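Below is one structure, written out as structure tokens; the observations come after it.
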Amino acid sequence: MKSRIILILLSYMLLTLPLSFAEDIDLSKPYPLSLLPYPGKGVLGQSDQNIIAIIENIKINSDNTSEFQNEENVCINPTNTDNAVAVWRDFREGYRRVGVGYTFDAGLTWTDALITVYPPYGRQSDPVLWVDRDGNFYLSGLDIEWDWLYSGISVYKSTDGGLSWSAPTWVVGGHYEYFEDKQWFAMDQTGSSGDGNIYCVWDRFSASQSYTGIVCATSVDNGLTFSEPVAVSAYDYDYVQWPTVTVGPTSTVYVAWYDHRTPRRISFARSYDYGVSFTPEQGIITLDSAYTTLNGSILCFPFPAMACDVYPGSDHFGNLYIIYADGESDWDIWCRRSADGGISWSDKVRVNDDPMANGCDQFHPWLSIDNDGAIHVCFLDRRDDPGNMLYNVYYTKSVDGGLTWEANQRVSTVSSDPGQAALAGLLGEYIGISVWNGEVQMVWTDIRNLNQDVYSARITPSISLEYLPGDVNMANGAWPPLVIGGDVTYLVNYFRSLPSSQACLLDGFWCSADANGDCLIIGSDVTRLVNYFRGLSDINYCPDYEPAWPTPDDLPEDAPQDWPNCE
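Numbering (my numbering), first residue to last: 391 to 957.
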């Protein structure tokens with residue numbers, strides 16, 4: 391009993407000490423990431439960049455506080471792609487909770503709430519999401535006891551598209567001997583012998599934080615119960631963190647994680663018996679960098695975002711992919727692939743296409759594989775700021791098994807400024823992307839409102855990010871013309887320049903300085919302007935490349951008397 395009391399007191403001291411000394415965290419070895427201190431409110435600098443893109447950005451969280459929302463994950467429902475669910479870490483009540491939002495209109499509108507936390511836990515963190523082939527969503531969260539003495543891992547289930555959630559079941563309950571941290575999970579949807587199994591992996595810290603290990607627990611009953619955790623990594627040193635898990639076509643379980651040992655590496659193990667045991671770990675990727683602080687005091691890991699192509703119709707069926715951020719002069723996004731179940735790995739391929747060694751960081755990547763085998767990736771990117779501070783969300787995809795990547799496309803319409811170091815350190819460690827039948831849903835931490843919010847964007851198969859009919863500049867006389875950021879800026883500026891006393895009818899909608907007639911240029915205005923020009927043919931341009939307006943004979947009965955003749 392005496393030793394147990396000493397252990398509890400030691401745990402309390404170790405887990406609460408960093409809360410007062412945020413800048414003194416030793417990044418040379420693992421630290422429980424869910425315990426990174428919450429610094430409270432702060433003042434953020436506002437970005438002066440406002441490059442308008444063609445993809446509308448939608449805020450998901452509905453609270454009006456200045457508290458943080460970050461660490462996002464998202465899944466599209468494969469039975470109804472208009473339905474998607476997002477989860478994130480949410481501080482709206484002043485402490486760690488898990489937020490969840492759902493949409494039934496392909497991301498145009500969202501409804502959000504906080505997941506219920508159950509005693510003896512008072513805090514939540516590290517949300518992870520999965521959806522099965524039948525459209526059931528599974529949410530996993532880290533549950534932390536109020537006094538930071540121990541943690542557990544829970545799983546909630548929604549069968550109605552995210553509208554409601556079950557009471558939690560437990561992967562592992564809290565106990566004083568360990569602190570559980572940074573879980574990830576995946577479900578076997580291969581149709582093979584382990585179909586339906588759920589695998590949860592996480593980083594288990596000893597109470598004294600003197601050692602860590604990667605462990606895995608398995609559920610064979612749709613998350614109702616989980617097995618006792620088994621070791622994935624060696625368990626007698628303190629240098630492993632940030633595991634991810636995926637399942638291959640023959641129900642092989644793959645786990646990869648960041649290894650702090652020198653040389654820095656991404657390590658890997660597999661299970662051929664449904665998570666009962668794992669092969670000896672192997673270092674598969676040697677890294678140039680380590681768990682570090684990027685410009686703006688953003689804490690970043692070279693963690694492995696991992697997925698396997700399990701779609702038999704794909705030309706790359708069975709390929710295993712790892713996407714990660716790493717670099718020397720600056721961080722870039724890299725891809726490695728394995729065609730033999732992780733036994734051997736390709737050379738790395740650079741995913742971001744800005745100039746090499748330009749001093750601008752790319753970080754926080756995530757990936758999703760579509761059911762045609764295309765790999766879709768999003769990441770945070772600072773290429774638009776020569777000062778390497780402001781960031782945007784960029785997107786790309788590969789259709790040849792990760793050999794080459796399409797031109798990167800900027801998704802966020804406003805740059806984010808991480809602001810104070812204390813706030814940036816709590817930016818979160820990951821963002822999210824999900825794809826099905828060409829529908830791509832992205833979520834990320836956005837600071838355009840001077841505090842961290844969850845923003846989203848949807849790319850649909852009907853949108854071509856490269857060739858959109860209706861270029862206002864008729865670039866090079868090409869057809870179909872190309873719509874780029876400058877074209878969209880031109881369109882918006884054109885409508886801004888219209889005097890408020892003027893009005894023209896745009897595709898059945900009144901315009902007064904902008905597409906909605908409210909003199910404010912927002913995402914929906916840009917969408918309408920671009921969509922309008924998409925439908926134009928090459929004869930629908932005035933000499934100055936302005937739209938051909940209706941003649942007076944075309945005017946509706948309620949048109950104003952001073953309607954201009956734009957013939």
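C-beta atoms are modelled at their ideal positions from N, C-alpha and C, and glycine is treated no differently.
All values derive from a computational prediction rather than experimental measurement.
Buried or exposed by the 16-neighbour rule on C-beta atoms within 10 Å, applied to residue i
i      : result
ARG651 : exposed
SER470 : Before going further, note that residue 470 is Asn rather than Ser in the sequence given. That one is exposed.
VAL666 : exposed
HIS565 : exposed
PRO422 : buried
GLN631 : buried
GLU462 : buried
ASP593 : buried
ILE733 : exposed
LEU684 : buried
SER965 : The requested residue 965 is not part of the displayed model; the chain covers only 391 to 957.
THR615 : exposed
LEU529 : buried
ARG660 : buried
ASP578 : buried
SER437 : Note that SER437 scores a pLDDT of 44, beneath 50, so its modelled location is shaky; the value from the coordinates is reported in the next line. The residue is buried, with at least 16 neighbouring Cβ atoms inside 10 Å.
GLU567 : exposed
LEU553 : exposed
ASP730 : exposed
ARG523 : exposed
GLU618 : exposed
TRP536 : exposed
GLU671 : buried
Beta-bridge partners of residue i, as assigned by DSSP
i      : result
ASP585 : None; ASP585 has no bridge partner.
ILE534 : ARG513, SER541
SER958 : Absent from the structure is residue 958, since the part of the chain shown begins at 391 and ends at 957.
SER596 : TYR568
VAL637 : VAL643
TRP560 : SER544
TRP520 : TYR528
ARG800 : TYR784
ARG848 : GLN831
Whole-angstrom C-beta distance between residue j and residue i, which should lie under 8 Å
i      : j      : result
ILE713 : LEU757 : 5 Å
PHE693 : TYR701 : PHE693 to TYR701, Cβ: 25 Å. No contact.
GLY613 : THR559 : 6 Å
ARG772 : MET779 : 7 Å
GLY605 : ALA621 : According to the sequence as given, residue 605 is Val; it is not Gly. Right, their Cβ atoms sit about 6 Å apart.
For residue i, three-class secondary structure by DSSP
i      : result
SER824 : strand
SER805 : coil
LEU684 : strand
SER734 : coil
LEU677 : coil
LEU426 : coil
ALA474 : strand
ASP373 : Nothing can be reported for residue 373, as the shown portion of the chain is limited to 391 through 957.
GLY717 : strand
MET577 : strand
TYR781 : strand
ASN463 : strand
ARG727 : strand
PHE668 : coil
ARG838 : coil
CYS606 : strand
GLY491 : strand
PRO468 : coil
TYR711 : strand
TRP756 : strand
The ligand ATP heavy atom lying under 6 Å from the CB of residue i
i      : result
GLU567 : Ligands in the displayed structure: none, and consequently the ligand ATP is not present.
is_contact[residue i, chain C] using C-beta, thresh 7 Å
i      : result
ASP578 : The structure shown contains no chain C, having only a single protein chain.
Any 3 or more C-beta pairs closer than 8 Å across the region 491 to 501 and the region 509 to 519: no
Meets three-Cβ-pair contact criterion under 8 Å: the region 776 to 794 and the region 741 to 757: yes
Touching by the beta-carbon criterion (3+ pairs, under 8 Å), the region 471 to 491 and the region 545 to 552: yes
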